[in-house]
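K.L.:
Once you know that position 218 of the sequence shown is 217 in numbering that gives the first Met the number 0, the rest is easy, because the numbers rise by one and skip nothing. From the three backbone atoms N, C-alpha and C, an ideal C-beta is built for every residue, glycine too. Just so it is clear, the structure is predicted and the values come from calculations on it, not from any experiment. Structure below; questions to follow.
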Amino acid sequence: MDNKTKTLIHVSYNITWEPLKEYPAPIQSEVEKAYAEVNKKHPNEDKLKTWAARFPDVPQFQNYLVDFYFSTDDYEKAYELNEKLIREHPDYLFAKINKATCYLYKKEYDKIPGVLGEGLDISLLCPGVETFHISEVMSFNQVAILYFLETGNLEAAEARFQMLEEMSPNHPGMDHLKKQVLQKRLQVGFERYKKEEATKRKVKYAGPEFPETSEQPVFNHPEVALLYENGMHINHDLIRSILALPRQTLIADLEKVIMDSITRFHSFEKQGWEEETGNFLFHAIFLLTELRAEESLPVLLQLLRADSKVTEFWFSDMFSDILWECIYQLGQNQLSALTGFLKEPGLNAYSRAVVSEAVSQIAIRQPERRTEIIAWYEELFSFFLDNMNDDKVIDSNLLGLMVSDTLYFRGKELLPIIERLFNEGVIPHGIAGDFSKVVEEMNLPPRDYYRRELYGIFDRYDHILHTWNCYTKEGGYAADDDNLFEREFDDPETYVREQPKIGRNDPCPCGSGKKYKKCCMSKVTT
Numbered sequence: 000m001d002n003k004t005k006t007l008i009h010v011s012y013n014i015t016w017e018p019l020k021e022y023p024a025p026i027q028s029e030v031e032k033a034y035a036e037v038n039k040k041h042p043n044e045d046k047l048k049t050w051a052a053r054f055p056d057v058p059q060f061q062n063y064l065v066d067f068y069f070s071t072d073d074y075e076k077a078y079e080l081n082e083k084l085i086r087e088h089p090d091y092l093f094a095k096i097n098k099a100t101c102y103l104y105k106k107e108y109d110k111i112p113g114v115l116g117e118g119l120d121i122s123l124l125c126p127g128v129e130t131f132h133i134s135e136v137m138s139f140n141q142v143a144i145l146y147f148l149e150t151g152n153l154e155a156a157e158a159r160f161q162m163l164e165e166m167s168p169n170h171p172g173m174d175h176l177k178k179q180v181l182q183k184r185l186q187v188g189f190e191r192y193k194k195e196e197a198t199k200r201k202v203k204y205a206g207p208e209f210p211e212t213s214e215q216p217v218f219n220h221p222e223v224a225l226l227y228e229n230g231m232h233i234n235h236d237l238i239r240s241i242l243a244l245p246r247q248t249l250i251a252d253l254e255k256v257i258m259d260s261i262t263r264f265h266s267f268e269k270q271g272w273e274e275e276t277g278n279f280l281f282h283a284i285f286l287l288t289e290l291r292a293e294e295s296l297p298v299l300l301q302l303l304r305a306d307s308k309v310t311e312f313w314f315s316d317m318f319s320d321i322l323w324e325c326i327y328q329l330g331q332n333q334l335s336a337l338t339g340f341l342k343e344p345g346l347n348a349y350s351r352a353v354v355s356e357a358v359s360q361i362a363i364r365q366p367e368r369r370t371e372i373i374a375w376y377e378e379l380f381s382f383f384l385d386n387m388n389d390d391k392v393i394d395s396n397l398l399g400l401m402v403s404d405t406l407y408f409r410g411k412e413l414l415p416i417i418e419r420l421f422n423e424g425v426i427p428h429g430i431a432g433d434f435s436k437v438v439e440e441m442n443l444p445p446r447d448y449y450r451r452e453l454y455g456i457f458d459r460y461d462h463i464l465h466t467w468n469c470y471t472k473e474g475g476y477a478a479d480d481d482n483l484f485e486r487e488f489d490d491p492e493t494y495v496r497e498q499p500k501i502g503r504n505d506p507c508p509c510g511s512g513k514k515y516k517k518c519c520m521s522k523v524t525t
């Protein structure tokens with residue numbers, strides 16, 4: 000077997016990138032010319048017709064002409080010529096693939112298995128053939144994938160697509176096919192999402208009322224007030240000078256900054272958020288994280304108790320990205336306080352979920368504490384089971400995201416209590432899948448990308464400036480981009496335009512367990 004022929008674990012046949020059949024040199028030369036012609040941006044129909052007429056015994060020439068008619072949307076000519084091709088060359092695989100493609104265009108899906116075989120398996124359609132050309136395998140399975148998508152067999156379509164990605168990810172048509180698979184996945188997910196939304200348990204916010212003011216706090220250190228005048232490009236020397244201030248009074252000032260984002264929220268909201276003046280809260284959080292100010296955890300939890308309007312204004316898409324690490328650093332030795340927070344009634348699901356996200360990272364990054372983290376989740380899951388009728392604490396999205404968090408560190412010990420939660424019907428399948436899917440995932444090896452990065456303060460600023468879309472555009476922060484954090488679908492023809500709006504921080508309807516913004520939203524919009 001040469002180095003361009005290989006066997007994949009998914010299939011029982013060999014695949015080659017080398018020509019399977021060599022014609023005499025003069026004919027082979029014409030085949031290569033015709034192939035180059037049909038792959039031009041504007042192929043010459045007359046040339047393709049001439050080749051097909053000159054070489055009736057070589058099916059490739061007629062096939063290239065069929066391809067041309069498909070590319071120009073002249074399906075009737077494609078169908079007519081392909082019928083002639085299949086009569087003259089009944090064993091020619093591409094003629095069968097073309098016929099199935101015609102049925103796809105005509106929406107006569109029930110006829111496709113009669114052409115490609117009931118199992119739509121190339122090896123069953125061509126018994127005795129041990130080696131197929133990559134173009135045969137790709138073309139056959141691309142039609143099979145579209146058939147599965149149109150007939151509602153998403154699982155089969157995704158399995159075939161994964162196989163093709165392994166074989167030849169850059170093969171022509173793969174990008175379009177990927178979009179088709181993704182859109183069908185979203186369609187199925189949206190349909191499930193609508194059903195689940197009708198039965199989901201959702202906590203109505205009833206958090207604490209915070210006093211309002213329009214006055215900026217008086218700080219112990221005037222340097223802290225400069226945080227209100229600097230965006231993410233803040234001078235690192237200023238950060239160093241602030242970190243050098245007396246710890247106790249500095250922490251008190253930074254806690255005032257956090258509370259200021261809540262008590263002056265309406266004043267800031269009226270002014271509108273601007274990069275240079277609206278990042279003071281991020282600076283304070285980063286500084287408290289750098290200081291490992293565990294004594295500031297109660298103030299940080301006050302921020303999480305605020306109405307979602309507050310957190311959405313300050314954090315938008317970056318809610319969990321900014322807060323999980325601070326909760327991790329300040330709360331890793333205060334798990335009982337985090338337990339109490341998740342048990343509080345009337346709090347936003349995602350404010351509670353980001354705490355679970357941080358705790359799951361303790362199990363990943365500090366494996367010696369695994370037993371402690373398992374007990375933490377077990378206590379909370381038991382609490383939710385005991386309070387299943389309390390609409391002030393039971394939230395389906397929260398519980399689904401918490402189950403997903405246990406998958407990240409493979410908390411198999413929690414499967415019995417997780418199964419009880421599923422049996423109560425409060426875990427939406429659109430987040431982590433059904434219980435069987437959870438069991439399957441639990442038994443897989445851990446995935447490296449579940450381990451989130453911990454940054455020093457300057458590395459964190461650099462990471463943001465080099466990875467956040469708003470800062471990586473040419474010229475840095477795009478101050479005139481009104482939709483900076485409100486990215487929507489740009490293609491008006493995509494299926495998702497017709498679907499119910501899903502929040503960017505909601506679980507993705509595809510069932511990946513990720514936030515929508517981190518999953519299918521980013522895939523469709525790129």
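For residue 401, which residues from the same chain have a beta carbon less than 6 Å from its beta carbon, with the 5 sequence-adjacent residues on both sides left out?
P.N.:
Contacts found: 355.
K.L.:
Is residue 333 near residue 291, with beta carbons less than 8 Å apart?
P.N.:
Against a cut-off of 8 Å, the Cβ pair of residue 291 and residue 333 comes out as no contact.
K.L.:
Shortest alpha-carbon distance to residue 352 belongs to which of 15, 338, 293?
P.N.:
Per the Cα distances, 338.
K.L.:
To the nearest angstrom, how far is it from the Cα of residue 419 to the Cα of residue 160?
P.N.:
So the alpha carbons of these two residues sit roughly 35 Å apart.
K.L.:
Could you have a look at residue 80 and say whether DSSP puts it in helix, strand or coil?
P.N.:
Helix at residue 80.
K.L.:
Leaving out the 5 sequence neighbours to the left and right, which residues in its chain are closer than 8 Å to residue 200 when beta-carbon positions are compared?
P.N.:
So the list reads 390, 393, 394, 395, 425, once near-sequence residues are dropped.
K.L.:
To the nearest angstrom, how far is the alpha carbon of residue 128 from that of residue 19?
P.N.:
When rounded, the distance between both Cα atoms is 11 Å.
K.L.:
Would you decide whether residue 109 is buried or exposed? Buried here means 16 or more other CB atoms lie within 10 Å of its CB.
P.N.:
With fewer than 16 other Cβ atoms within 10 Å, it is exposed.
K.L.:
What's the call for residue 404, buried or exposed, on a 16-neighbour Cβ count within 10 Å?
P.N.:
By the neighbour-count rule (16 or more Cβ atoms within 10 Å), residue 404 is buried.
K.L.:
Can you tell me where the alpha helix (DSSP H) holding residue 338 begins and where it ends?
P.N.:
Unbroken alpha helix (DSSP H) run through residue 338: 334–342.
K.L.:
Which whole-angstrom value describes the C-beta separation of residue 347 and residue 315, a residue pair presumed to lie in contact below a C-beta threshold of 8 Å?
P.N.:
No, residue 347 and residue 315 are not in contact; Cβ-Cβ is about 15 Å, not under 8 Å.
K.L.:
Output the distance between the C-alpha atoms of residue 133 and residue 435, rounded to the nearest integer angstrom.
P.N.:
Residue 133 and residue 435: Cα-Cα distance of roughly 36 Å.
K.L.:
What span of residues does the alpha helix (DSSP H) with residue 54 cover, start to end?
P.N.:
It is not in any alpha helix (DSSP H) - residue 54 carries neither H nor E in the DSSP assignment.
K.L.:
For residue 125, which residues from the same chain have a beta carbon less than 8 Å from its beta carbon, with the 5 sequence-adjacent residues on both sides left out?
P.N.:
Closer than 8 Å at Cβ, skipping near neighbours: 92, 131.
K.L.:
Relative to the alpha-carbon of residue 300, which residue among 312, 330, 177, 240 has its alpha-carbon at the smallest distance?
P.N.:
That would be 330, whose Cα lies nearest to the Cα of residue 300.
K.L.:
Expressed to the nearest angstrom, what Euclidean distance is found between the alpha-carbon atoms of residue 362 and residue 423?
P.N.:
Computed Cα separation, rounded: 27 Å.
K.L.:
Return the residue from the list 172, 80, 279 that minimises the CA-CA distance to residue 263.
P.N.:
When only C-alpha atoms are compared, the closest one is 279.
K.L.:
Tell me which residues share the same chain as residue 409 and place their Cβ nearer than 7 Å to its Cβ, disregarding the 5 neighbours each side in the sequence.
P.N.:
441, 445.
K.L.:
Among 323, 193, 374, 147, which has the Cα closest to the Cα of residue 118?
P.N.:
Residue 147 is the option with its Cα nearest to residue 118.
K.L.:
Measure the alpha-carbon distance for residue 170 versus residue 164 and round it to whole angstroms.
P.N.:
One C-alpha to the other measures close to 9 Å.
K.L.:
In the structure shown, what three-state DSSP assignment does residue 471 receive?
P.N.:
Helix at residue 471.
K.L.:
Compute the Euclidean distance between the alpha carbons of residue 458 and residue 284, then round it to the nearest angstrom.
P.N.:
Using only the alpha carbons, I get a separation of about 14 Å.
K.L.:
Who are the Cβ neighbours of residue 42 in its own chain at under 8 Å, not counting the five residues just before and after it?
P.N.:
The answer, listed in chain order, is 36, 67, 70.
K.L.:
Please state whether the Cβ-Cβ distance between residue 526 and residue 144 is less than 8 Å.
P.N.:
No information on residue 526 is available, as it lies outside the stretch 0 to 525 that the chain covers here.
K.L.:
Could you tell me which residues DSSP puts in a beta bridge with residue 131?
P.N.:
According to DSSP, residue 131 bridges with 14.
K.L.:
So, is residue 114 buried or exposed, given that buried needs 16 or more other C-beta atoms within 10 angstroms?
P.N.:
So residue 114 ends up on the buried side.
K.L.:
Residue 359: buried (16+ other C-beta within 10 angstroms of its C-beta) or exposed?
P.N.:
By the 10 Å Cβ count, residue 359 comes out buried.
K.L.:
Express the C-alpha separation of residue 246 and residue 212 in angstroms, rounding to a whole number.
P.N.:
Cα to Cα, the separation comes out at about 27 Å.
K.L.:
According to DSSP, is residue 260 part of a helix, a strand, or is it coil?
P.N.:
Residue 260: helix per DSSP, three-state reduction.
K.L.:
Between 214, 152, 88, 50, which lies nearest to residue 266 when the distance is taken from Cα to Cα?
P.N.:
Ranking 214, 152, 88, 50 by Cα distance to residue 266 puts 214 first.
K.L.:
How many Å lie between residue 454 and residue 466 at the Cα?
P.N.:
Residue 454 and residue 466: Cα-Cα distance of roughly 14 Å.
K.L.:
Give a yes or no on whether 8 Å exceeds the smallest Cβ distance from residue 419 to chain E.
P.N.:
The structure shown contains no chain E; it is built from a single protein chain.
K.L.:
Taking DSSP as the reference, what is the three-state secondary structure of residue 281?
P.N.:
Note: residue 281 maps to helix in three-state DSSP.
K.L.:
Could you check if residue 217 is buried or exposed, using at least 16 other CB atoms within 10 Å of its CB as the buried criterion?
P.N.:
By the neighbour-count rule (16 or more Cβ atoms within 10 Å), residue 217 is not buried but exposed.
K.L.:
Alpha carbon to alpha carbon, what distance is there between residue 374 and residue 238?
P.N.:
For residue 238 and residue 374, the distance between alpha carbons rounds to 38 Å.
K.L.:
With DSSP run on the structure shown, which of helix, strand or coil describes residue 379?
P.N.:
Note: residue 379 maps to helix in three-state DSSP.
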